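In the numbering used here, each residue carries its 1-based index in the sequence shown increased by 18.
For reference, the structure is listed below as structure tokens.
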Amino acid sequence: MKNHLKTPVFLFLIFVFVLNTFSAIAQNKITSPEEFFGFQMGADYKLARWDKIVNYFYELEKQSDKIKVTNLGPSSEGHPFLLLLISSSKNMTNLDRLQTINKKISDPRGVSEDSLKTYIKEGKAVIFESMSLHASEVGGTQMSPELAYDLLTKDDEETQRILDNVLFFMVPCFNPDGQVMITDWYNETVGTEYEGLSMPYLYHKYCGHDNNRDGDYLNLQESRYMAKAMYVDWQPQAYVDHHHMGSYGARFYVPPYCDPIRPYADPLVWRELSWYGAHIAYKLEEDGFQGVLNAAQYAGWGHFGWHWITPFHNIAGMLTESATANYATPVYVHPEQLRANTRGFPEYEAQSTFPNPWPGGWWHLRNIVAQQKSSAWSILDLAARNKETVLKTAVIKAQNQTKRGAEDNVKTLVIPAEQHDYLTATKMINKLLQSGLEIKKANKQFVAENRVFGAGSYVISLAQPKMGLIKNLLTETHYADNSWTRSENGVPYRPYDLATHTMYEFMGVNVEGLHSDLISDFPILQELENVPGTVEKGNSGYWIDGKQNAAFLVVNLLQNEKIQIKRVDKAFEGLHPGDFIIEKAPAEKLNEIAEKAGLSFLPLNKIEQEKIHTVKRGRTGLFQRYYGGNMDEGWTRLCFENFGFDYTTLMSEEIKEGSLNKKYDVIVLPNDRAEAITGDLKGQNKQEAEEYPEKYRSGIDKEGTEALKEYVKNGGTLVAFGNSFEFAADAFNLKVTDVTNGLKSIEWFCPGSTLKVDFDNTQPLAYGMPDEGVVLNFSSPAFEVVPGRHNDDYTTIVRYKDKSLLKSGWLIGEKTVAKKQAMLSVKYGEGEVVLIGFRTQHRNQTDATFKLLFNTIIR
């Protein structure tokens, strides 16, 4: 018998078998981050760029059926915004059913107790985590490939339990644009004298650091993606942002927050934060990490960005904060440089919430990656171990909040169809719908509590799971004033951000509360509202309502088509000062614009030419500087773009060149320090600025100041927001003082509150405004004109009320600003300087006062 092992055919078959076996093994192999990027995540002097990270996640998706990569769409500047889902293969094939369960658990109204028990047993804990929301805080995004890899490759019991019991949604980078900017900046400077310097301009096109202030208004594209994923499609039981903080305190902050806490969240949320935080801290200590702090530094009453707004969605919203390095460049910290002196952390010494102080030494990006990965894993581990408890608690929170809403003194909120600016009211409704609120729309007139509400009014019952969100956004709120918010001497502690986030006040929308539960058969809104604009011609043409912010979008679109527009100065035939008139225009173009803006062209049957004037749109320059950029400038750009305003970014060098009247009719100075505008920096600010390359230093100096004075003297308009007043007052020798200047906080304190004012809407700069309303005062200057021979050069546009100024927030020393000017214009030569003390376009949120800015350009 022949030896078959020696035959060529048999050997070939063995070879093919072995080759296929190794090929199968190779195909099942999951590429590690170190293999893919060529270095360990967090390695010194190495940053993985977003495009390469995106490619890595798609590579993982090819190699494993436990990960799903979804590109939610382009970021503000066109980069992919990714949402990853990591879970077991079985869960991945059952997502439709699990999503249905998630929605029932998040809103159990009308669901039987037996069904809820089934859902709790069958469902999975939904956990969201976002990385590097602030792009300069690089650790989270650098950590994300390693966290994903570990979840996909580890085969121990703990990992399997996570995959089986948790649907883990990860946003590996909340700001892809900034990640690319930061990485390129770091790679450009690494190995040079500028290595580790912070980027000199905004690391997001519009908002820079402020993308963490957009969890309510959803003004940014990235925010809208996140809101749909987390507020509407999948409501998580827990959410965490991974951040960085300063280099010279604790190494790592983990939940819970310290006091005070914002009202109206279910108490179980605050208990959950302690529960998750204790587990994270325990696992960190178990793994040998030092310098971990919890229940201190970050209060439970913060801004309404992602981790601080989610508790009012019944989500355990949290953040971690790592001590930072200089991007990927390590820092050395001397022991004596370590500091505390913050809420709940008075000394850098061991305490119950900080039992293991870090002694100092070298601090690397790898330290940050490792501790953030541990914390991210711990949240998944706790949810997996206690899946049914997590889901049961979600049901209880939703039921509790619904019950509280039903028993509240105010049970129903109505947004009447009759509004000063009805399109802004619709805009607000759409923001609330994107936040997952249940809203009904009246399809007919109705009467409630002796009030008549027109068809088209919106009705919001507080008897729904997100009652706490409704209360905070749509009812008057006041910041805590107690021992947690003042020192023993009565000195107030500044809130982390604003003292109020009352959306309806910021946007100028009338909301009325009812003490009864309005039972009606009005339909629930299923999609965003779209107001159709119509076009109807009269004998003399058309007019549009100047009370609508959207009117300025229409005017800009018409001006782009070189269509002449006029504006009403004195009332006639039902028109009011500020309304716009179009005598003739192509009907097809008007129809196109009406559809885009949602604003109607109304029939005009008579014109009184002596009561109108022809509109001129000013050529606008918006000042921009370096030194980290100015977020107020970025938000102003977004505001301009949303309403169709053309503008030019104006840098220091161009101002210093002079001849500004040839290019600009209006120059806008965003809220800023005078020294940041002039470049005359002092002390530490000056030292830091001088570390940058010459091309990244800015300041208009005396030369630019003289050029601006010449510009205004020759007919230009200079608009100064907020603290830019100091520059304008000094440079132009204005006889205006800031009555709040130099006062101690126990005398004057207004950390982001809505204050009541009167608008002089007979003045062109206040056309379209109501007679009275509120403005956002964020430690803003308030003005008083110094008596002199030229008092008539100073015109008041907005003035604070004489008493009872506070609407929402926190105010100490109202007499300081009572009856004082909040906005005024000053003649200077042939031009004018416009001073707007309050935050007229703050974060693109204060729609109620946008027109005061727009009127400086559309004249």
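By construction, the Cβ of each residue, glycine as well, lies at the ideal position given by its N, Cα and C atoms.
Every value quoted in this text rests on a predicted model; they were computed, and no experiment measured them.
Do Phe801 and Val754 count as a contact pair if the criterion is CB distance below 8 Å?
Yes, they are a contact pair.
Just to confirm, is the Cβ distance from Thr360 to Ala314 under 8 Å?
The answer is yes: Cβ separation under 8 Å.
Threshold first: 3 residues or longer. Then list the beta strand (DSSP E) segments lying entirely within the segment 687-712, N to C.
Listed in chain order, there is nothing to give.
To the nearest whole angstrom, what separates the beta carbons of Asn230 and His152, a pair I think is in contact under 8 Å?
About 6 Å; that satisfies the 8 Å criterion.
Would you list the residues sitting across from Cys276 in a DSSP beta bridge?
Cys276 pairs with Ala317.
Leu23 by DSSP, collapsed to three states: which one?
In this prediction, Leu23 has a pLDDT of 42, which is less than 50 and means its spatial position is unreliable; what the coordinates show is noted afterwards. Helix at Leu23.
My parser needs the beta strand (DSSP E) runs of 3 or more residues fully inside the segment 249-309; what are they?
Correct list: 256-263, 270-272 and 276-279.
Cβ of Gln390 within 7 Å of any heavy atom in the ligand GTP?
This structure does not include the ligand GTP; it has no bound ligands of any sort.
What do you reckon, are the CB atoms on Lys484 and Gly531 nearer than 8 Å?
Taking 8 Å as the Cβ cut-off, Lys484 and Gly531 do not qualify as a contacting pair.
Please report the distance separating the alpha-carbon of Ala589 from that of Asp535.
If you take the alpha carbons of Ala589 and Asp535, they lie about 41 Å apart.
Please name the residue in Ser105, Ala346, Lys449 and Glu77 whose C-alpha comes closest to that of Ser241.
The residue with the shortest Cα to Cα distance from Ser241 is Lys449.
Looking only at its own chain, which residues have a Cβ that is under 7 Å from the Cβ of Arg512, when we skip the five neighbours before and after it?
Around Arg512: Pro769.
By how many angstroms is the C-alpha of His860 removed from the C-alpha of Ile764?
Distance between the alpha carbons of Ile764 and His860 is about 25 Å.
For Trp381, report the span of its beta strand (DSSP E) as first-last.
Start and end: Gly379 to Trp381.
Under the assumption that Ala517 contacts Ser716 (Cβ atoms under 8 Å), give the Cβ distance between them as a whole number of angstroms.
In fact, because the Cβ distance is near 32 Å, the residues do not count as touching under 8 Å.
Taking the beta carbon of Asn468 as the centre, do at least 16 other beta carbons fall within 10 Å, making it buried, or is it exposed?
Its Cβ having fewer than 16 others within 10 Å, Asn468 is exposed.
Mind listing, in chain order, the continuous beta strand (DSSP E) runs of no fewer than 3 residues lying wholly within the segment 126-162?
Fully enclosed beta strand (DSSP E) runs of 3 or longer: 143-149.
Out of curiosity, what's the CA-to-CA distance linking Phe40 and Gly96?
Residue placement at Phe40 is flagged as unreliable, the pLDDT there being 44, under the threshold of 50; the coordinate-derived value follows with that caveat. Those two C-alpha atoms are separated by around 40 Å.
State the CB to CB distance for the pair Ser106 and Asp182, rounded to an integer number of angstroms; the pair is presumed to be in contact (CB under 8 Å).
Sure, about 5 Å apart at Cβ, within 8 Å.
For Ala615 and Ala568, what's the separation of their Cα atoms in angstroms?
Each residue's Cα considered, the two are about 6 Å apart.
Applying the 10 Å Cβ sphere with the 16-neighbour rule, what's the burial state of His261?
Looking at its Cβ environment, which holds 16 or more other Cβ atoms inside 10 Å, His261 is buried.
Taking 8 Å as the CB-CB limit, is Glu626 close to chain D?
In the displayed structure, chain D is absent; only one protein chain is listed.
Looking at C-beta atoms only, is the number of pairs between the segment 553-573 and the segment 770-787 that lie closer than 8 Å three or more?
Touching, per the Cβ criterion.
Between the beta-carbon of Tyr235 and the beta-carbon of Gly652, is there less than 8 Å?
Not in contact: Tyr235 and Gly652 (Cβ atoms no closer than 8 Å).
Along the chain, where does the alpha helix (DSSP H) containing Leu492 start, and where does it finish?
From DSSP, the alpha helix (DSSP H) with Leu492 extends over Met485 to Leu492.
Does DSSP classify His631 as helix, strand or coil?
Strand, per DSSP.
Does the segment 833-846 come within contact of the segment 202-218, defined as at least 3 CB pairs closer than 8 Å?
Counting Cβ pairs under 8 Å, fewer than three are found: no touch.
Can you tell me the Cα-Cα spacing of Lys674 and Asp195, whole angstroms?
Computed Cα separation, rounded: 31 Å.
Pick out whichever of Arg504, Leu608 and His438 has its Cα sitting closest to the Cα of Thr867.
Selected option, being the one with the closest Cα: His438.
Within 10 angstroms of its Cβ, does Ile542 collect 16 or more other Cβ (buried), or is it exposed?
Flag for Ile542 reads exposed.
Candidates Glu53, Pro98, Pro163 and Ile119: which alpha carbon is nearest Phe75's?
Of the candidates Glu53, Pro98, Pro163 and Ile119, the one whose C-alpha sits nearest the C-alpha of Phe75 is Pro163.
CB-CB under 7 Å to Leu571, same chain, minus the five flanking residues each way: which ones, in chain order?
Answer for Leu571: Ala615, Phe661 and Gly662, listed in chain order.
If you drop the 5 nearest sequence neighbours on each side, which residues of the same chain put their C-beta closer than 6 Å to that of Lys872?
The question names Lys, yet the displayed sequence has Phe at residue 872. Excluding residues within five positions, the ones whose Cβ falls inside 6 Å are Phe570.
Using DSSP with H/G/I as helix, E/B as strand and the rest coil, what is Gln577?
Residue state, collapsed to three classes: helix.
Identify which residue in His331, Glu659, His222 and Asp232 has its Cα closest to the Cα of Pro254.
The shortest C-alpha separation from Pro254 is found at His331.
For the beta strand (DSSP E) that Ser843 lies in, which residues bound it at each end?
Taken as a continuous stretch (DSSP letters only), the beta strand (DSSP E) holding Ser843 covers Gln839 to Tyr846.
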